[in-house]
Amino acid sequence: MFNKAQIQQITQKLREELGADRVFTQVFHRLVYSRDWSPRDAKEAYLPDIVVRPFSIEEASKMVKICNEFHIPIVPYAGGTGMSGASVPIYGGISVDMKGFDEVKEVDEKNMTVTCGAGITILRLNEILAEYGLWFPHDPESKPASTVGSAVACNNDGTFAIKYGRTPDFLLNAVVVTGTGQILRIGHRKALVSSTGLKLLPLFIGSEGTLGLVCETTLRIYPLPKTRQVAGILFKSINEAMKALQRLLQAGLSVESAHINCGRRLNFYTHSFRLKHNRDPDIPEWADAVLFISFNGDEDVVNFSKNYALKVTKELSGEQLKEEAMVESWWNSKHTGSFIPFRQKWPDSQREKKFGAADLGLPVGRIEEGYKRYLEIAEKNGLEILGMCVYNEKANCISPSISFAVWVDDKDPESVQGWWNYIKEMSYMAVDLEGTMSTYWGDGQFRVGYNRYEHGESLDTMMQIKKIFDPNNIMNPGKKFDLKELEKIDFKIEKKPE
Amino acid sequence: MELEKFKDAIYTCNRTRCGFCREECPVFKEKKLESYACRGKMLIARGMLEGIIPESEYEEIAKIVNSCSICGSCAANCALDNDEILEALRADLVKKGFVDENHLIGINSIIEKENPFQLDREDKSDWAEDIGFSKQSPILFYAGCTDSLFYPERLADVVKILKKLGIEMNYLGSDEPCCGELMHTTGHWVKFRTQIEKTEKIFRETGVKTIVTHCPGCLRTFRDKYSKFYEKFDFEVLHVIQIIAKKIENGEIQFKKPVNMKITYHDPCHLGRLAGIIEEPRIILNAIPGIELVEMNHIGYQSHCCGAGGGLMAVDYELVGNISDSRLKEAEATGAEYLVTICPSCEFNFDKVIRNYNIKLLDLMDIIDMAIE
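Chains as they are written, first to last, in the numbering used here: chain P, 10 to 507; chain X, 23 to 395.
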């Protein structure tokens with residue numbers, strides 16, 4: 010932590026180099042960067058010491074170089090919609106607002122790429138691309154706020170990932186400012202694949218700001234699909250729904266999205282239905298899982314795909330969800346965002362308690378087991394169960410990324426502690442079931458310390474890699490890696506001879 | 023503190039942190055700093071409630087809180103009454119003495135001259151000299167300051183159109199008080215309450231039951247704000263186009279004269295998103311032969327602000343200019359010949375810069391005037 014005189018000195022230097030309108034130290038400016046979307050104590054607020062808002066890669070580089078002089082932490086802040094505390098400045102330092110990087114530099118229709126600042130929101134990027142009849146199909150529910158940069162830094166989930174994949178499949182090139190202030194272009198320009206050199210892009214995907222700042226990206230884009238159809242199919246169990254999905258892929262269908270909700274989770278995703286109809290959706294008692302799917306493309310192909318999917322799933326004891334309004338409600342929630350004005354789901358459903366979810370990746374054969382363990386672990390930690398949703402996040406294959414959600418009472422310290430315990434136990438459970446702790450929100454603040462349970466000695470190698478990019482441990486300290494462990498690793502950059 | 027009343031909502035925002043309010047906020051788009059977005063201001067509000075923020079910073083906070091057109095975009099993309107919370111935040115800052123000098127000029131002008139523009143009160147009724155009003159009518163035509171002083175001819179047309187439709191109205195002439203919207207939106211709530219009591223008494227003495235206006239700001243102030251401060255204010259308040267749209271739906275009006283124009287329609291924030299009058303202008307436009315309506319990407323509840331509201335014009339003229347430029351670019355991109363709106367504040371704001379764009383400006387009443395026999 011830095012004393013007042015040091016902060017004044019750093020502020021002065023930053024203002025000299027970047028300009029006074031880029032650097033803020035008022036409490037109120039700092040307060041607004043103190044929280045993200047993660048469940049935490051209502052009273053908890055980590056204020057950065059300084060807020061910096063760079064508008065160019067050069068400004069970002071200058072800022073990082075100054076921070077290196079003083080060894081002051083840098084915490085990137087973009088949409089602020091992370092669920093892991095990654096953008097929360099737990100050691101103080103500098104919050105860097107990345108919204109200044111929101112320019113679309115090039116829409117290359119011929120090569121089907123877009124080059125844009127990493128601070129642009131996914132919603133805005135798609136509004137601009139739509140003018141060209143194009144589309145960036147990475148589609149997290151948080152898209153009105155979350156940015157392209159955070160899709161890279163957190164490797165978050167997308168509704169259409171089962172058809173298009175996610176950040177590793179879209180990101181072709183990036184300009185980053187490393188923890189030393191070096192400006193690096195990484196990736197393979199507009200080429201989709203490359204075999205030369207070592208691959209640095211994947212290191213930055215999911216790095217959560219621990220290696221540097223992602224300032225500019227070149228992304229693969231697609232033509233806007235002409236039509237889309239959505240359907241919901243009820244099953245007796247999650248396993249049956251998973252098997253049906255597997256069968257659809259085996260049949261050769263190109264599924265655009267495939268989400269499997271347990272009965273309880275469905276209630277959360279039908280918020281707009283309940284507002285509109287003033288009742289719960291009508292679901293038969295026998296049904297314990299709903300498979301929501303969508304298809305996009307030309308009308309004939311989409312119609313055929315939907316009808317074929319309904320036929321195949323019926324043979325597998327699936328029953329089409331007849332209440333169209335409920336399917337629409339789910340689709341609004343996951344994709345269109347066309348909620349009833351003034352009744353948007355997120356704040357409306359969070360008036361008493363906070364949504365919190367473990368984001369585990371489990372092998373398909375162990376989902377049912379994971380579901381049972383989830384119910385036990387949530388109950389043990391005194392958390393109300395909100396339900397499970399299985400997303401599929403790799404193109405054209407069963408690739409479960411599972412949200413195991415609970416309600417957290419952020420006014421009750423015991424409930425918050427229960428949440429922390431819950432995430433830890435769920436993370437261990439995922440590894441025990443031959444899976445992974447996180448599939449869309451990363452390690453952040455919460456999994457530091459126990460992510461070694463998954464990575465073992467590999468975590469030491471990861472820390473050594475981090476040191477190459479960030480020798481002074483200033484990039485988002487306390488996230489992903491334990492700062493004390495990092496400080497034990499000796500790493501010096503050899504200076505080039507004069 | 024006024025903010026105390028919204029404590030639960032402020033904590034709900036802090037708990038949620040979805041940030042869906044940010045992207046469409048016209049001010050955040052320009053400033054690109056979290057403190058200017060509603061989500062940021064909700065944390066500032068909490069900081070003030072909990073005493074985390076030192077009072078030495080309140081002056082700067084007031085500047086940021088006043089850098090807002092109270093367009094309601096943040097509220098429409100939320101489930102919390104964000105526009106009301108922001109106005110309460112302003113009220114608390116005013117109570118503590120953090121008053122914007124430019125706002126104060128307008129407010130003092132309302133007190134002295136019954137308009138926020140420091141113009142003579144008597145001039146407000148010049149437009150009505152040759153128009154006959156009915157002192158016995160239960161309907162009061164409320165002209166509003168902006169229309170009366172900047173678009174007087176429009177007002178005459180509005181009244182003439184309503185007369186053609188068989189609606190006779192009363193009018194207060196130079197006795198018409200200002201609605202006091204500026205007082206409310208800038209947080210000068212003690213003065214606003216005085217203005218309400220005065221206005222209510224004047225209205226009551228005329229014996230009217232219904233107030234009809236062409237100004238969305240006045241409409242919303244009377245309809246939605248007055249009763250919150252003063253329960254006795256129980257007049258029915260209608261916008262002109264609500265009456266006309268209803269008559270179209272009832273088959274009482276049929277436009278026969280074609281108006282051959284390709285137009286796009288700008289929903290004023292106070293009329294559309296905040297008052298919910300979104301279908302009515304479109305019912306009218308679709309009923310006029312020859313009109314080709316090309317919608318912008320952002321309409322209705324998601325319409326983009328022109329920048330004129332919330333007292334923003336008085337505090338940051340450049341910011342207002344950037345916001346209106348952004349909206350005009352969107353209007354121009356539709357390829358329409360005319361940008362049609364129905365708000366004197368939007369019109370006043372667009373009027374200044376529309377010459378830079380390949381589109382012309384009209385009020386919806388102008389089009390009705392062309393179409394009506």
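Every residue gets a Cβ at the ideal spot worked out from N, C-alpha and C, and that includes glycine.
Using the Cβ count rule (16 or more neighbours within 10 Å means buried), how would you classify Asp-291(P)?
Here residue 291(P) corresponds to residue number 282 of the first sequence, with the count starting at 1. It counts as exposed.
Between Ala-296(P) and Lys-245(P), which are expected to be in contact by the criterion C-beta below 8 Å, what is the C-beta distance as a whole number of angstroms?
Here residue 296(P) is taken as the residue at index 287 of the first sequence, counted from 1. Here residue 245(P) is taken as the residue at index 236 of the first sequence, counted from 1. With 8 Å as the limit, Ala-296(P) and Lys-245(P) qualify as a contact, their Cβ atoms being about 7 Å apart.
Hey, out of Cys-100(X), Leu-177(X), Thr-207(X) and Ser-156(X), whose CA is closest to Gly-166(X)'s CA?
By 1-based counting over the second sequence, the position of residue 166(X) is 144. Residue Leu-177(X) is the option with its Cα nearest to Gly-166(X).
Name the DSSP beta bridge partners of Pro-232(P), please?
Here residue 232(P) corresponds to residue number 223 of the first sequence, with the count starting at 1. DSSP lists Leu-143(P) as partners of Pro-232(P).
Could you check which residue in Ile-300(X), Asn-378(X) and Ser-348(X) has the C-alpha nearest to that of Cys-47(X)?
Counting from 1 along the second sequence, the entry for residue 47(X) is found at position 25. With distances taken between Cα atoms, Cys-47(X) lies closest to Ser-348(X).
Is Met-107(P) buried or exposed, if buried means 16 or more other CB atoms sit within 10 Å of its CB?
Here residue 107(P) is taken as the residue at index 98 of the first sequence, counted from 1. Per the 10 Å Cβ criterion, buried.
My output table needs one value for Met-392(X): the three-state DSSP class, helix, strand or coil.
Within the second sequence, the letter at position 370 stands for residue 392(X). Helix.
Is the Cβ of Trp-450(P) closer than 9 Å to any Cβ of chain X?
Numbered from 1 along the first sequence, position 441 holds the residue referred to as residue 450(P). With 9 Å as the cut-off, Trp-450(P) does not count as an interface residue toward chain X.
Could you tell me which residues DSSP puts in a beta bridge with Cys-90(X)?
Residue 90(X) sits at position 68 when you count from the first residue of the second sequence. None; Cys-90(X) has no bridge partner.
Please report whether the beta-carbon of Leu-65(X) lies at a distance below 9 Å from any beta-carbon of chain P.
Locating residue 65(X) in the second sequence gives position 43, counting from the first residue. Closer than 9 Å to some Cβ of chain P, the Cβ of Leu-65(X) qualifies, so yes.
Tell me the DSSP bridge mates of Glu-115(P)?
In the first sequence, residue 115(P) corresponds to position 106, counting from 1. In DSSP, Glu-115(P) forms a bridge with Thr-124(P).
Which same chain residues, not among the five before or five after Glu-144(X), have their C-beta less than 8 Å away from its C-beta?
Looking up residue 144(X) in the second sequence gives position 122. Cβ within range, chain order: Ser-196.
Does any residue of chain X have a CB that is nearer than 9 Å to the CB of Thr-130(P)?
Here residue 130(P) refers to the residue found at position 121 of the first sequence. Interface residue, yes.
Let me confirm a value: Cys-406(P) is counted as buried when at least 16 other C-beta atoms fall within 10 Å, else exposed. Which label applies?
Residue mapping note: residue 406(P) aligns to position 397 of the first sequence, counting from 1. Answer is exposed; the Cβ neighbour count stays below 16.
Whole angstroms is fine: what's the gap from Phe-169(P)'s alpha carbon to Gly-379(P)'s?
The count along the first sequence starts at 1 and reaches residue 169(P) at position 160. The count along the first sequence starts at 1 and reaches residue 379(P) at position 370. Those two C-alpha atoms are separated by around 24 Å.
Pair every Cβ in the region 96-115 of chain P with every Cβ in the region 47-55 of chain P, then say whether three or more of these pairs are closer than 8 Å.
Yes: the two stretches touch, three or more of their Cβ pairs being nearer than 8 Å.
Listed in chain order, which residues of the region 86-104 of chain X have Cβ atoms closer than 7 Å to some Cβ of chain P?
Correct list: Ala-97, Ala-98, Asn-99, Cys-100, Ala-101 and Leu-102.
Using 9 Å as the limit for Cβ to Cβ distance, is Ser-43(P) near chain X?
In the first sequence, residue 43(P) corresponds to position 34, counting from 1. Ser-43(P) counts as touching chain X.
Going by DSSP, what residue range makes up the beta strand (DSSP E) through Leu-383(X)?
Here residue 383(X) corresponds to residue number 361 of the second sequence, with the count starting at 1. Residues 382-385.
In the DSSP assignment, find the beta strand (DSSP E) that holds Lys-284(X) and state where it starts and stops.
Residue mapping note: residue 284(X) aligns to position 262 of the second sequence, counting from 1. That run of the beta strand (DSSP E) goes 283-287.
Going along the chain, which residues of its own chain have a beta-carbon closer than 6 Å to the beta-carbon of Glu-328(P), five neighbours each way excluded?
One-based indexing of the first sequence puts residue 328(P) at position 319. For Glu-328(P), where only same-chain residues beyond five positions count, the Cβ hits under 6 Å are Leu-243.
Between Leu-55(X) and chain P, is the shortest Cβ-Cβ distance under 9 Å, so that the two count as touching?
Within the second sequence, residue 55(X) is the residue found at index 33, counting from 1. It does: the Cβ of Leu-55(X) has a partner Cβ on chain P nearer than 9 Å.
Under DSSP, the alpha helix (DSSP H) around Ala-353(X) begins and ends at which residues?
Residue numbering aside, residue 353(X) sits at position 331 when the second sequence is read from its first letter. Where Ala-353(X) is concerned, the enclosing alpha helix (DSSP H) stretches over 339-355.
Phe-37(P) touches chain X at which residues, Cβ-Cβ below 7 Å?
Residue mapping note: residue 37(P) aligns to position 28 of the first sequence, counting from 1. Neighbours of Phe-37(P) on chain X, chain order: Ser-57, Ile-66, Gly-69, Ile-75, Glu-79 and Ile-83.
How far does the alpha helix (DSSP H) with Gly-379(P) in it extend, from its first residue to its last?
If you number the first sequence from 1, residue 379(P) lands on position 370. Here the alpha helix (DSSP H) through Gly-379(P) covers 376-389.
Within the 9 Å Cβ cut-off, does Gly-58(P) reach chain X?
Within the first sequence, the letter at position 49 stands for residue 58(P). The displayed chain sequence assigns Asp, not Gly, to residue 58(P). Answer no: the Cβ-Cβ gap between Asp-58(P) and chain X never drops below 9 Å.
Is there a Cβ from chain X that is less than 9 Å from the Cβ of Arg-194(P)?
The residue you call residue 194(P) lines up with position 185 of the first sequence. It does not; no Cβ of chain X falls within 9 Å.
Between the region 229-241 of chain P and the region 298-317 of chain P, can you find at least three pairs of beta-carbon atoms closer than 8 Å?
Verdict: yes, contact present.
Can you confirm whether Glu-41(X), when its beta carbon is compared against all beta carbons of chain P, has any partner nearer than 9 Å?
For the purposes of this step, residue 41(X) is taken as the residue at position 19 of the second sequence. Checking the sequence shown, residue 41(X) turns out to be Gly, not Glu. Taking Cβ atoms only, chain P reaches closer than 9 Å to Gly-41(X), which makes this a yes.
Buried or exposed: Asp-441(P), going by 16 or more other Cβ atoms within 10 Å of its Cβ?
Within the first sequence, numbered from 1, the residue matching residue 441(P) stands at position 432. Burial call: exposed.
CB-CB under 7 Å to Phe-120(X), same chain, minus the five flanking residues each way: which ones, in chain order?
As a first step, residue 120(X) is located in the second sequence; it is residue number 98 there, counting from the start. Within the same chain, Phe-120(X) has close Cβ partners Tyr-80, Glu-81 and Ala-84.
Can the beta-carbon of Cys-100(X) be found less than 9 Å from the beta-carbon of Phe-351(P)?
Here residue 100(X) corresponds to residue number 78 of the second sequence, with the count starting at 1. Here residue 351(P) corresponds to residue number 342 of the first sequence, with the count starting at 1. Yes, they are a contact pair.
Just to confirm the assignment, what range does the alpha helix (DSSP H) spanning Leu-108(X) have?
In the second sequence, the residue the question calls residue 108(X) occupies position 86. 104-117 is the extent of the alpha helix (DSSP H) around Leu-108(X).
Excluding the five sequence neighbours on either side, which residues of its own chain have a C-beta within less than 8 Å of the C-beta of Asn-371(X), listed in chain order?
Locating residue 371(X) in the second sequence gives position 349, where the first residue counts as 1. Closer than 8 Å at the Cβ level, and outside the excluded window around Asn-371(X), lie Cys-328, Gly-329, Ala-330, Met-335, Val-342 and Ser-346.
Measure the CB-CB distance between Met-191(X) and Lys-117(X) and report whether it falls below 9 Å.
The residue you call residue 191(X) lines up with position 169 of the second sequence. The residue you call residue 117(X) lines up with position 95 of the second sequence. No. Outside cutoff.
Pick out whichever of Gly-109(P), Val-157(P), Asp-117(P) and Ile-137(P) has its Cα sitting closest to the Cα of Thr-130(P).
Numbered from its first residue, the first sequence carries residue 130(P) at position 121. The candidate whose alpha carbon is nearest that of Thr-130(P) is Val-157(P).
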